[in-house]
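*Asks:* Once you've had a glance at the structure underneath, I'll fire off some questions.
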């Protein structure tokens, strides 16, 4: 009966989609990017920004890619395996893949040695200026040592380095032209997921010989060699770039556009104007445009409003445990308060962030709720249950489209009362002043901060905390983070590879690679013993989970326990995921959708419709997608 | 004249060098953190940042760096871009842009000069008549309404009614240049109208014009042979300057229509702390400014024989 029902449901959806299925697809896709996001480099090994990687991921293939459910799929590697629990990884490359120039003239074949040249470039301090080297140096045998070796060399010598010393030191080997073997420092069951990230991308040794090291640093669209589904045939800075289908591309089964044109526009308002005149095939709406269309049922696009899928970033409130005042002295009141668990839990339970989420998603704010530190869809246990769902079960929360379920006014008030008593006994006076920084020129951020401030007033009261909105001019890191002026930050993290350690490792205590806990929360400088003990406990749980390499289910469940501990002690407070609204002729559910790596913006297998999709179309797309996932 | 030219040339070189030196030293006063992106500051260790700065010679004393900069300048080496186009020579970055700005700028200058002067003359000739009021209303509108609102109106009307491209495209230069040129011309046309009318009205009230009329010269001759020629002298002084500055592009128009010109380069370079680009663009702008003023002076002497550049008892 259940099967018949599912079949009928699928049939009904297919019928309702029939209209869109017969719609004319887009063959030459025209999209946009704001000029603030113009590319600065064409070297995919050097780039660390989405603005470049979103383009270059279409030009160059790596070992692996993802599908629209986030699963790893073959890229240049047809198959991959580990026979020793993740210590060594063998990638078998496909034969006959060509490097071509921007006009699709064949230049060379892609061979295993190209991956050695790529990694040598990444790990050579003088060539890649330390960009993208952190993960290989953490994971691969000899990688950090090779980096240090190149750092000590005179520049000319380092730039002239070939593969001899590199192969001698680093755990990567080209067994033959089509077999690549990596040796990790320890068993790493997730290492293959790094194969979709650009730090392991190839570069042709012949191209390097042709351009030289300096030429490669300044490589341009017309000197680059391509092996991806598109080549860049036009590039005019701050104007447009055109990607043209690569006729030699190895994968003949995928669907690509003939061309993809990315127009650089000054603002989203201009992009919206261009969408209206038919010059663009999609546009993400800013709040003003969204509200105008949403509130006017007669608007030509009212029935074409589509909710985008969440981005891969998970946003959190990072609390600062060693804050300073503007004169450089410690902010004793804040530091004492934030080290108090009841104070933190009064935020965790007592804050209803619905209005704040309305700044992220004005129509469906609760769709943006995020109760976990790790983003959804990163990994799942063998029963298909998402890792994040394991965490949710442990912390006892479930998302709801009706209410902000973490909010518990009674618990919040009780923790507030407890915190006031405990902190008053330590000489802290109320209200606690807390400083939150936004860029002064960013009106939208200032408006959002006002909503946050009002949320604190409404939920916790001005007798308890007062949020001061302060501004920086240009650089949060230089002007605020370095002098430790903020009480808390709201940051988003997106994974580079598919394992919870890439999230939780950022929050551990006393580790070199614990980025958020050291650079933002400043936990290493905190002095409260109870707080440090909690961080150490959390770190021990993370370490224990990371040590499980032979049973992925056990590993993920152990990480979930660690994450639940961190959340329940409010060491970090999960806040939101980003979901925007758009007008589009692209079915987002047909796109690659991975929670890590650089594959999401590949213009392949996109289902499109020249007339643009309606809201109803998108609702159906979501249903079919979820149905197929099952 | 030759002596004057040599003297001005020498002064110009000194002026440009002074400007460039001040900008160079000011840039070196900023903290070295600004050489790195937010992302790099997150990912690089202090030692790595130090190594990179040292490798780029940015930890040497400002005067050592300045001397090296002069040396490179003498060899016409302006360095490479750090951020705008990583690793690409500055000359290459600028080279692709200034022709675009110049082409659009010169077209709009020609249009606005022609329209502005003709309309200004007509306004002066028919002062306080309907046409004059319309011209004044246009001038007031263009100057009073914020530029971005005017540009938005042009964009909406041009794109929706006339189906013109909303942004500049190198693949469709002619049609896609129309809206940027209209926007560039709107403001400067109003400027030329305003000043031509004003100078002409001033001249019309002078005694020599009354005398010319008394002598029986036709109104047309009075207007074009005497009034316009004299009224045009102050405008002419800025004409070479305006022409040369077209190379610099227009920040607002180029940003609004995504024109890949020079207009946004300086601000982009400053915001990204791309010092090589900043220095090169400052050199270019300073040189153009100095040259423009010099050529303006020369042009004035050609139009008005009473003006002398070298001293013969009086004048400049």
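Protein chains in written order, with my numbering: chain A, 1 to 630; chain B, 1001 to 1316. The C-beta atom is built at its ideal place from N, Cα and C for all residues, glycine as well.
Any C-beta of chain B sitting closer than 7 Å to the C-beta of residue 129(A)?
*Replies:* So yes, residue 129(A) belongs to the interface.
*Asks:* Just to confirm before moving on: does the CB-CB distance between residue 1194(B) and residue 1267(B) stay below 7 Å?
*Replies:* Not a contact, by the Cβ cut-off of 7 Å.
*Asks:* When the Cβ atoms of the stretch 540-547 of chain A are set against those of the stretch 557-567 of chain A, are three or more pairs found closer than 8 Å?
*Replies:* Yes, the stretch 540-547 of chain A touches the stretch 557-567 of chain A.
*Asks:* Within a Cβ cutoff of 7 Å, which residues of the same chain sit near residue 1315(B), ignoring the five residues on either side of it in sequence?
*Replies:* Reliability fails at residue 1315(B), whose pLDDT of 42 lies under 50, so the model's placement of it is uncertain and the value that follows must be treated cautiously. 1307, 1308, listed in sequence order.
*Asks:* Answer yes or no: do residue 1181(B) and residue 1108(B) have a C-beta to C-beta separation smaller than 7 Å?
*Replies:* Going by C-beta atoms, residue 1181(B) is nearer than 7 Å to residue 1108(B).
*Asks:* Counting only beta-carbon separations shorter than 7 Å, does residue 1087(B) have a partner in chain A?
*Replies:* Residue 1087(B) counts as touching chain A.
*Asks:* Output, in chain order, the set of chain B residues within a Cβ distance shorter than 7 Å of residue 236(A).
*Replies:* Simply 1170, 1260.
*Asks:* Going by the C-beta, is residue 1257(B) closer than 6 Å to any heavy atom of the ligand SAM?
*Replies:* The ligand SAM is absent from the structure shown, which contains no ligands of any kind.
*Asks:* Under DSSP, the alpha helix (DSSP H) around residue 72(A) begins and ends at which residues?
*Replies:* Per DSSP, residue 72(A) belongs to no alpha helix (DSSP H); it is in the beta strand (DSSP E), 72-74.
*Asks:* Just to confirm my understanding: we take residue 1021(B), look at its own chain, exclude 5 residues before and 5 after, and list those with CB closer than 8 Å. What are they?
*Replies:* Excluding sequence neighbours, residue 1021(B) sits near 1066.
*Asks:* Say whether chain B places a C-beta atom closer than 7 Å to the C-beta of residue 266(A).
*Replies:* By this cut-off, residue 266(A) is an interface position.
*Asks:* When you compare the CB of residue 1033(B) with every CB in chain A, is at least one pair closer than 7 Å?
*Replies:* Yes, because at least one Cβ of chain A sits closer than 7 Å to the Cβ of residue 1033(B).
*Asks:* List the residues that DSSP assigns as beta-bridge partners of residue 492(A).
*Replies:* Per DSSP, 315(A).
*Asks:* Listed from N- to C-terminal order along the chain, which residues in the stretch 203-232 of chain A have their beta-carbon within a distance smaller than 9 Å of any beta-carbon of chain E?
*Replies:* The structure shown contains no chain E; its protein chains are A and B.
*Asks:* Give the straight-line distance between the Cα atoms of residue 28(A) and residue 1036(B), rounded to the nearest whole angstrom.
*Replies:* Roughly 37 Å separates the two Cα atoms.
*Asks:* CA-CA distance, residue 595(A) and residue 301(A)?
*Replies:* Residue 595(A) and residue 301(A): Cα-Cα distance of roughly 30 Å.
*Asks:* Using a Cβ-Cβ cutoff of less than 7 Å, which residues in the same chain neighbour residue 489(A) once the five nearest sequence positions on both sides are dropped?
*Replies:* Counting only Cβ-Cβ distances below 7 Å, and skipping sequence neighbours, we find 318, 520.
*Asks:* Spatial neighbours of residue 146(A) within its chain, please: CB distance less than 7 Å, with the 5 preceding and 5 following residues excluded, ordered by chain position.
*Replies:* If we look at residue 146(A) and ignore the five residues flanking it on each side, its Cβ neighbours are 123, 166, 169, 170.
*Asks:* Please tell me whether residue 633(A) and residue 415(A) are closer than 7 Å, where the distance is taken between their beta carbons.
*Replies:* In this structure chain A extends from 1 to 630, so residue 633(A) is not present and cannot be described.
*Asks:* Considering just the uninterrupted stretch of the alpha helix (DSSP H) at residue 394(A), what are its terminal residues?
*Replies:* It spans 387-395 - the alpha helix (DSSP H) in which residue 394(A) sits, taken as one unbroken run.
*Asks:* At the level of alpha carbons, what is the spacing between residue 284(A) and residue 1186(B)?
*Replies:* Answer to the nearest angstrom: the Cα atoms are 31 Å apart.
*Asks:* Please name the residue or residues paired with residue 64(A) in a DSSP beta bridge.
*Replies:* Partner(s): 74(A).
*Asks:* Is the distance from the Cβ of residue 233(A) to the Cβ of residue 244(A) below 7 Å?
*Replies:* Closer than 7 Å, so yes.
*Asks:* Give the straight-line distance between the Cα atoms of residue 56(A) and residue 226(A), rounded to the nearest whole angstrom.
*Replies:* Each residue's Cα considered, the two are about 9 Å apart.
*Asks:* Go ahead and pull the three-state DSSP assignment for residue 1163(B).
*Replies:* The answer is coil: DSSP assigns residue 1163(B) none of H, G, I, E or B.
*Asks:* Rounded to whole angstroms, what's the CA-CA distance from residue 326(A) to residue 1114(B)? Just pull it up for me.
*Replies:* Between residue 326(A) and residue 1114(B), the C-alpha separation is close to 58 Å.
*Asks:* Taking only three categories from DSSP, how would you classify residue 28(A)?
*Replies:* Note: residue 28(A) maps to strand in three-state DSSP.
*Asks:* Determine whether the Cβ of residue 477(A) lies closer than 7 Å to any Cβ atom of chain B.
*Replies:* Chain B contact via Cβ: present.
*Asks:* Given 8 Å as the limit, is there contact between the stretch 110-122 of chain A and the stretch 197-205 of chain A, that is, 3 or more CB pairs closer than that?
*Replies:* Yes, since at least three Cβ pairs between the stretch 110-122 of chain A and the stretch 197-205 of chain A fall closer than 8 Å, the two stretches touch.
*Asks:* Interface residues of chain B around residue 277(A) at Cβ under 8 Å?
*Replies:* By Cβ distance, chain B contributes 1159, 1160, 1163, 1166.
*Asks:* Leaving out the 5 sequence neighbours to the left and right, which residues in its chain are closer than 6 Å to residue 1275(B) when beta-carbon positions are compared?
*Replies:* Result list for residue 1275(B): 1027, in chain order.
*Asks:* Could you check how far apart the C-beta atoms of residue 631(A) and residue 32(A) are, in whole angstroms? I think they sit under 8 Å.
*Replies:* The structure shown does not extend to residue 631(A), since chain A is modelled only from 1 to 630, so the question has no answer here.
*Asks:* According to the Cβ coordinates, are residue 1081(B) and residue 1283(B) closer than 7 Å?
*Replies:* The answer is no: Cβ separation not under 7 Å.
*Asks:* In angstroms with no decimal places, state the Cα-to-Cα distance between residue 247(A) and residue 105(A).
*Replies:* Looking at the two C-alpha atoms, the distance is approximately 10 Å.
*Asks:* How about the stretch 1005-1021 of chain B and the stretch 91-105 of chain A: do they share at least three Cβ pairs that are nearer than 8 Å?
*Replies:* Because the criterion of three Cβ pairs below 8 Å is not met, the stretch 1005-1021 of chain B and the stretch 91-105 of chain A do not touch.
*Asks:* Taking the straight line between their C-alpha atoms, what separation do you get for residue 355(A) and residue 404(A)?
*Replies:* Distance between the alpha carbons of residue 355(A) and residue 404(A) is about 10 Å.
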